[in-house]
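Undergrad:
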Amino acid sequence: MRDSRTFTSFPSITLKGNWMKTLGFETGQKIEVQAEPGQLIVRMAAEG
0 MRDSRTFTSF PSITLKGNWM KTLGFETGQK IEVQAEPGQL IVRMAAEG
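The opening residue of the sequence shown carries number 0 in numbering that gives the first Met the number 0; numbering runs sequentially from there.
Right, here's the structure in full:
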């Protein structure tokens, strides 16, 4: 059983909206995330 007194939160991001479709992203599509100090770069994964 989980002890609710020891809850730890973690940073998270949820991206959604028609602007993503406009950029070519589709639901269920694989992505690549490049992490650099102070920024994340999200791009469509190469097919294959």
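Beta carbons: idealized from backbone N, C-alpha and C, even for Gly.
Expressed to the nearest angstrom, what Euclidean distance is found between the alpha-carbon atoms of V16 and Q28?
TA: As a first step, residue 16 must be located in the sequence shown, where it is residue number 17. As a first step, residue 28 must be located in the sequence shown, where it is residue number 29. Reading off the sequence, residue 16 comes out as Gly, not Val. About 14 Å.
Undergrad: Mind checking who A34 pairs with in its DSSP beta bridge?
TA: For this step, residue 34 is matched to residue 35 along the sequence shown. The partner list for A34 (beta bridge, DSSP) reads L39.
Undergrad: Quick one: measure Cβ to Cβ for M43 and I30, integer angstroms, because I've assumed they're closer than 8 Å.
TA: Here residue 43 refers to the residue found at position 44 of the sequence shown. Here residue 30 refers to the residue found at position 31 of the sequence shown. With 8 Å as the limit, M43 and I30 qualify as a contact, their Cβ atoms being about 6 Å apart.
Undergrad: Given this structure, state the Cα-to-Cα distance separating T26 from A45, to the nearest angstrom.
TA: Mapped onto the sequence shown, residue 26 falls at position 27. Mapped onto the sequence shown, residue 45 falls at position 46. The straight-line gap from Cα to Cα measures roughly 16 Å.
Undergrad: Taking the straight line between their C-alpha atoms, what separation do you get for G23 and Q33?
TA: Reading the sequence shown from its first residue, position 24 is the one you call residue 23. Reading the sequence shown from its first residue, position 34 is the one you call residue 33. Using only the alpha carbons, I get a separation of about 18 Å.
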